[in-house]
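Per the working numbering, numbering of the sequence shown is gapless, rising by one per residue and ending at 94.
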Amino acid sequence: MYFMMKTQNLFFMSIHFLGAAFAEEYLYRQIIFNDIRRNYNAVLALLFSSFLFAFIGHMGEDIVDNLLYRLPLGVKSIILCKILYNVLPVSH
């Protein structure tokens, strides 16, 4: 019984964290980045959406952690998305 409860908690925690990660990526990469990119250039969209990811999306965290960890992580994520879109044929 104890093992089953622990496994069930692990399952729901995994679903929770995966759902949050997918929602975060969809918001910052799909909605915000693409909307800014349509009206401005890709570099501005990259920097602004990464800034929003680091400082607005993780507002409760330490500002140094956001500056040193999350801002570069946001930039890296969008660069990897760009590489993925250029390498793999994506139909819209």
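Glycine residues also receive a C-beta, built at the ideal position from the N, C-alpha and C atoms. Every value quoted in this text rests on a predicted model; they were computed, and no experiment measured them.
Cβ pair count under 8 angstroms reaching 3, the region 11-19 against the region 28-45: Contact fails: fewer than three Cβ-Cβ distances are below 8 angstroms.
Three-state class that DSSP yields for N43 in the structure shown: Locating residue 43 in the sequence shown gives position 41, counting from the first residue. Residue state, collapsed to three classes: coil.
Under 8 angstroms between C-beta atoms of R48 and I80: Working through the sequence shown from its first residue, we reach residue 48 at position 46. Working through the sequence shown from its first residue, we reach residue 80 at position 78. The sequence shown places Leu at residue 48, rather than the Arg named in the question. Between L48 and I80, the CB-CB gap stays under 8 angstroms.
Distance, G76 Cα to F55 Cα: Taking the first residue of the sequence shown as 1, we reach residue 55 at position 53. Taking the first residue of the sequence shown as 1, we reach residue 76 at position 74. Rounded to whole angstroms, the gap between the alpha carbons of F55 and G76 is 7 angstroms.
D64, DSSP secondary structure in three states: Within the sequence shown, the letter at position 62 stands for residue 64. The answer is coil: DSSP assigns D64 none of H, G, I, E or B.
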